[in-house]
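Under this note's numbering, think of the first position of the sequence shown as 191, with each following residue one higher. Virtual Cβ for every residue (Gly too), placed ideally from N, Cα, C. Shown next, in structure tokens, is the structure this report addresses.
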Amino acid sequence: HRYELQEIAGDLPLMYEASTAGGIPIIGALRNGLAANHIESIQGIMNGTTNYMLTKMIQEGALYDEILKESQELGYAEADPTFDVGGFDASHKLLILASIAYGIDAKPEDILIEGIENITQTDVNFAKEFGYEIKLLGIAKKVANGVELRVHPTMIPASSMIAKVDGVMNAVSVVGDRVGETMYYGPGAGGDATASAVIADIVDIVRGNQGPMLGYKKGLESDMTLLPQEEITTHYYLRMEVDDQSGVLAAITRELEQFDISIESMLQQPHNKDNRVKLLFTTHICQEAKIREAIEVLKGLKCVYGEIVMMRIEK
Numbered sequence: 191h192r193y194e195l196q197e198i199a200g201d202l203p204l205m206y207e208a209s210t211a212g213g214i215p216i217i218g219a220l221r222n223g224l225a226a227n228h229i230e231s232i233q234g235i236m237n238g239t240t241n242y243m244l245t246k247m248i249q250e251g252a253l254y255d256e257i258l259k260e261s262q263e264l265g266y267a268e269a270d271p272t273f274d275v276g277g278f279d280a281s282h283k284l285l286i287l288a289s290i291a292y293g294i295d296a297k298p299e300d301i302l303i304e305g306i307e308n309i310t311q312t313d314v315n316f317a318k319e320f321g322y323e324i325k326l327l328g329i330a331k332k333v334a335n336g337v338e339l340r341v342h343p344t345m346i347p348a349s350s351m352i353a354k355v356d357g358v359m360n361a362v363s364v365v366g367d368r369v370g371e372t373m374y375y376g377p378g379a380g381g382d383a384t385a386s387a388v389i390a391d392i393v394d395i396v397r398g399n400q401g402p403m404l405g406y407k408k409g410l411e412s413d414m415t416l417l418p419q420e421e422i423t424t425h426y427y428l429r430m431e432v433d434d435q436s437g438v439l440a441a442i443t444r445e446l447e448q449f450d451i452s453i454e455s456m457l458q459q460p461h462n463k464d465n466r467v468k469l470l471f472t473t474h475i476c477q478e479a480k481i482r483e484a485i486e487v488l489k490g491l492k493c494v495y496g497e498i499v500m501m502r503i504e505k
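Below is the structure:
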């Protein structure tokens, strides 16, 4: 409701630092500290509950249902955890940041949102073999024909700074065209963190430092457009169970090539009692629409069994 609130506020200051990433002054950074920059991308861990759960799955091998129950007992997750684990909380925060960075008016239903409900220990372990860790990321990225906005579980290099953000902590990386990458880290929730952000807003109002609510004056909104989900481009991870026999890999590769999808790396798990193996691929950059179409075709092959797991990769 940020635009409705802006209309109601009129010329009065309306501040909301505590709305996104708790004690991290990310809104102030975008509105003021990075004002000389065109923002190339925003990428962040914006929900402490899901980050706590994924950290436990990565570091301790915990199962999703077990760690969800623990999170609820600790007060990190609600009795109905859907808003957190479904990625919706992170999406609202991403949209606030995108409205400041790009002047774009988008709603949750307009963007790609996936939660962590289907993350398994199998994929956590395979991510490690590829040199990745899984984080629920909110991503805003300026591309040639618009702005990508998406929230989903993401494989990121284990060596990256954001991969090292564990537990309930939040972190946001912002890339500006002048300053390059900047990183903001801190508690995403809690009484003290929230109070810190609220008091900072009050101090700014007293000092007369509030500026336009969304970082630009009303009537000067950006003409940047939201990129359709189908046109998103990134790297992908695919996992499938197939017959352990000659010709299977060639058949899968052939189908992927029909959609201009190139394999970057591959792993194969030893066969099970049914003489089937798990095949895992990472791809070079390709389009979201093509990877989805390819998955549907692969599911129709006689040598492929069950669901095909897909996850996006950011390098």
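Kindly give me the distance between the Cβ atoms of G213 and S386, rounded to whole angstroms, as I take these residues to be in contact under 8 Å. Cβ atoms of G213 and S386 come within 8 Å of each other, at about 5 Å.
Is there a Cβ from chain C that is less than 8 Å from the Cβ of A296? In the structure shown, chain C cannot be found, because there is only a single protein chain.
Taking the alpha-carbon of E230 as reference, which of G277, V365, K505 has the nearest alpha-carbon? Out of G277, V365, K505, V365 has the C-alpha closest to the C-alpha of E230.
Assuming the contact rule is C-beta atoms closer than 8 Å, I286 and S363 should be a hit. Round their C-beta distance to whole Å, please. Under the criterion of beta carbons closer than 8 Å, I286 and S363 do not qualify as touching, at roughly 16 Å.
For my contact list, N399 and M236 are in at a C-beta cut-off of 8 Å; report their separation, rounded to the angstrom. Taking C-beta atoms under 8 Å as the contact rule, N399 and M236 fail to qualify, at a distance of about 25 Å.
Ordered list of beta strand (DSSP E) runs contained in the stretch 419-483, each at least 3 residues: Those beta strand (DSSP E) runs which fall completely within the stretch 419-483 and span 3+ residues are 423-433, 453-458, 466-473.
Name the residue from Y427, S436, K468 whose alpha carbon lies nearest to the alpha carbon of S452. Relative to S452, the option among Y427, S436, K468 whose CA is nearest is Y427.
Can you name the residues that DSSP bridges to S349? DSSP, once it has assigned bridges, lists no residue as partnering S349.
Residue nearest to N465 in terms of C-alpha spacing, selected from V393, H425, E431, E420: Minimum Cα distance to N465 is reached at E431.
Ordered along the chain, which non-local residues of its own chain (more than five positions away) have a Cβ less than 7 Å from that of A440? Counting only residues of its own chain and dropping the five nearest sequence neighbours on each side, A440 has no CB closer than 7 Å to any other CB.
Which same chain residues end up closer than 8 Å to V275 when comparing Cβ atoms and leaving out the 5 residues on each side of it in sequence? Here the set comprises T239, T240, M243, L258, A267, G305, I306, E307.
Can you grab the Cα-Cα spacing for the pair A334 / L417, in whole Å? Annotation: A334 to L417 spans about 10 Å, alpha carbon to alpha carbon.
Between the CA atoms of V494 and E445 - distance to the nearest angstrom: Computed Cα separation, rounded: 12 Å.
Nearest-angstrom Cα distance between A211 and L488? Answer to the nearest angstrom: the Cα atoms are 40 Å apart.
Shortest alpha-carbon distance to I248 belongs to which of G336, G265, M345, L284? Closest option to I248, Cα to Cα, is M345.
Buried or exposed: where does K331 fall if 16 or more other Cβ atoms within 10 Å of its Cβ makes it buried? Burial call: buried.
Between D382, G380, M373, G293, which lies nearest to R192 when the distance is taken from Cα to Cα? Selected option, being the one with the closest Cα: G293.
Can you tell me whether G409 is buried or exposed, with buried defined as 16 or more other CB within 10 angstroms of its CB? Only weak support exists for where G409 lies, its pLDDT of 49 falling under 50; the coordinates are left without a value.
Answer yes or no: do I175 and I324 have a C-beta to C-beta separation smaller than 8 Å? As displayed, the chain neither begins before 191 nor continues past 505, which places residue 175 out of reach and without an answer.
Cβ-Cβ distance between V341 and S281 below 8 Å: Result yes, Cβ atoms of V341 and S281 sit closer than 8 Å.
In terms of residue numbering, what span does the alpha helix (DSSP H) encompassing E250 cover? Its alpha helix (DSSP H) spans residues 238-250.
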